[in-house]
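Below is one structure, written out as structure tokens; comments come after it.
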Amino acid sequence: MKHLVVAGSILLAAAPGEAVPTMADVPALAKTAVARRIDVPASAIHILNAKPSERMPGFVVCGRVDTASGTGDSERFFVIIPGDFAILDRDGRSLVDTYWSANHCE
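Each residue of the sequence shown is one higher than the last, beginning at 527 in this note's numbering.
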């Protein structure tokens, strides 16, 4: 029971007063979180996997963002919803590797 209270507190702390996001909301929220970190159009952000988290309340999203037009360069990202926490390869490839592996993104 204690774990449920803590998990609920985390969920409420992440988005006080806002509706709890649904799976239908997740792609748009993830794209917004990534676009907030780097200046790219939404069309450059590609969701590869979005699913309910196995470890915490909410959702996890894995994807790639095109970083340079026409060159084929891309960068991986990982987003936690709610909370819009986004990490990118530029934050540390090993960090993204850890999140991708732990959440079965590959």
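Cβ coordinates follow ideal geometry from the N, Cα and C atoms, glycine included.
Bridge pairing for S627: absent [DSSP]. Uninterrupted beta strand (DSSP E) stretches at least 3 residues long and entirely within the segment 581–617 occur at 585–592, 600–607, 611–614, given in chain order. For A576, the secondary structure class from DSSP, reduced to helix, strand or coil, is strand. If you compare the alpha carbons of E544, G543, T548, L555 with that of A612, the shortest gap goes to L555. The Cβ-Cβ distance between V587 and I573 falls below 8 Å. In this structure, the straight-line span from the alpha carbon of R590 to that of G543 is close to 31 Å. In this structure, the alpha-carbon of F604 lies about 12 Å from that of E632.
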